[in-house]
DNA sequence: TCTGGGGTCCTAGGACCC
DNA sequence: TCTGGGGTCCTAGGACCC
């Protein structure tokens, strides 16, 4: 009756410290100690449990800094297969409530429950039921934001953490949003926050009460309009049902930070080959091909550039992508630049069976395709380490 | 031994075409 | 005595998210 969540059909559900929770759920000896997932070598923290967060550890933080803040933390390696398995199970649980589920990432989703209330109760009741189900089935906790729109539900969910529910009914939207710091808004990162700060806009309320045209002069037309809507909670973005795990991707890429910076062309082209192999193998598994090859080069001082080239016909052939990547790299004409990271990405992905391969007289690419297929098959049968290009043998 | 790796979307200029 | 207007593709960079 008096349940304020009746006018709030959108749920944002977010697992609490997902990677860390999954990593420890069957290890009682880790339940009462700080735990950090990832962050070895030059890496950053992927997730930290709440005990580690008490020491200031946050995800995205360099592992070196995290270990300094909390030397007694137990550091565990991520097990992505396990994360994907748990994620799929959680999303299935959501779909028992409604088909309108938009997965944002492995550990986060929006649900539109307006069609489920007759059957299952108010949005708040549904939220509590889902939290209980996830805990019983997966042994991890989650938090839920309940509101009338996607963007407000997202912020409510953040406020609910950890292991809670927050409902923001329509009449409470501005009093909920306006005291917040602008950086809390979804889509406002460090740069935009600093920019807004320079205009004296610190809170969401400041942004809300700035004339639209002034805001647009500060941050650009598109972003200005978007921020204004977010600040009033009038953002009408519809939820688009989709799964992160099974949806077709628009690009696929891989990159890697070297253990030590390097200026050695051989090391770099070999790394490009390794990364290309990873990417094209995933492409072949997914049955897609792409036309635009982009390389990323990050220098020792962290400046990062990209170079791309669109080839006439979509490909999933390791040799073709690698050849394009190396040409892009060589065209940079670098001499002694110290390089920290390189990456390869293929964009403009389309289903492979829509690609019409021209039969060019004397074409050799089919030989390379056959070679890729043979390698894929051998890896499938005997494991990842059995076949690799001669230049990657050590 | 500061700063990963996987993505998406937006902007902006130039080329090219009708 | 101006300079056309779009639409699309390509490239590069940047911001952001988890």
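Residue numbers (full-length UniProt numbering): 1 to 394.
Note that CB positions come from ideal geometry on N, CA and C, so glycine has one too.
Remember, predicted model here, so these are calculated numbers, not experimental data.
Straight-line Cα distance separating residue j from residue i
| i | j | result |
| --- | --- | --- |
| residue 128 | residue 314 | 48 angstroms |
| residue 389 | residue 300 | 28 angstroms |
| residue 270 | residue 276 | 10 angstroms |
| residue 194 | residue 303 | 20 angstroms |
| residue 153 | residue 17 | 19 angstroms |
| residue 254 | residue 272 | 9 angstroms |
| residue 243 | residue 213 | 37 angstroms |
| residue 136 | residue 21 | 14 angstroms |
| residue 263 | residue 339 | 6 angstroms |
| residue 310 | residue 265 | 23 angstroms |
| residue 184 | residue 130 | 26 angstroms |
| residue 362 | residue 320 | Note that residue 362 scores 46 on pLDDT, short of 50, meaning its location in the model is unreliable; the coordinates nonetheless yield the value given after this. Each residue's alpha carbon lies about 16 angstroms from the other. |
| residue 28 | residue 282 | 36 angstroms |
| residue 294 | residue 322 | 11 angstroms |
| residue 235 | residue 186 | 11 angstroms |
| residue 324 | residue 155 | 43 angstroms |
| residue 395 | residue 326 | Residue 395 falls outside the range modelled here, since the chain spans only 1 to 394, and no answer is possible. |
| residue 224 | residue 190 | 16 angstroms |
| residue 241 | residue 95 | 10 angstroms |
| residue 298 | residue 333 | 15 angstroms |
CB of residue i within 8 angstroms of CB of residue j, strictly
| i | j | result |
| --- | --- | --- |
| residue 307 | residue 331 | yes |
| residue 144 | residue 180 | no |
| residue 97 | residue 86 | no |
| residue 33 | residue 74 | yes |
| residue 230 | residue 219 | no |
| residue 233 | residue 174 | yes |
| residue 70 | residue 50 | no |
| residue 103 | residue 7 | no |
| residue 165 | residue 176 | no |
| residue 124 | residue 3 | yes |
| residue 100 | residue 215 | no |
| residue 410 | residue 373 | Since the displayed the chain opens at 1 and closes at 394, residue 410 lies outside it and no answer follows. |
| residue 182 | residue 207 | yes |
| residue 88 | residue 245 | yes |
| residue 59 | residue 48 | yes |
| residue 274 | residue 196 | no |
| residue 257 | residue 341 | yes |
8 angstroms contact criterion, which residue i and residue j should meet: CB distance rounded
| i | j | result |
| --- | --- | --- |
| residue 25 | residue 139 | 4 angstroms |
| residue 292 | residue 317 | Wrong, their Cβ atoms sit about 15 angstroms apart, outside the cutoff. |
| residue 11 | residue 110 | 7 angstroms |
| residue 247 | residue 107 | 16 angstroms between Cβ atoms; not a contact. |
| residue 289 | residue 355 | 5 angstroms |
Cut-off 7 angstroms between Cβ atoms - residues of its own chain near residue i, not counting five sequence neighbours on either side
| i | result |
| --- | --- |
| residue 134 | 90, 93, 140, 142 |
| residue 387 | 375, 378, 379 |
| residue 78 | 19, 37, 38, 46 |
| residue 72 | 34 |
| residue 105 | 244 |
| residue 284 | 316, 372, 376 |
Cutoff 6 angstroms; reference residue i; Cβ partners in own chain excluding five residues on either side
| i | result |
| --- | --- |
| residue 170 | 7, 148 |
| residue 122 | 3, 5, 6 |
| residue 360 | Here the model assigns residue 360 a pLDDT of 47, short of 50, so the residue's position is not dependable and the matter cannot be decided. |
| residue 369 | 317 |
Other residues of its chain near residue i: CB distance less than 8 angstroms, five sequence neighbours each side excluded
| i | result |
| --- | --- |
| residue 9 | 112, 113, 114, 117, 123, 148 |
Requested in this report: May I ask you to verify whether the stretch 65-78 touches the stretch 44-52, counting CB pairs closer than 8 angstroms and requiring at least 3?
Outcome: Yes, they touch.
Query raised in the report: So, do the stretch 340-349 and the stretch 236-253 have three or more beta carbon pairs nearer to each other than 8 angstroms?
Result: Yes, since at least three Cβ pairs between the stretch 340-349 and the stretch 236-253 fall closer than 8 angstroms, the two stretches touch.
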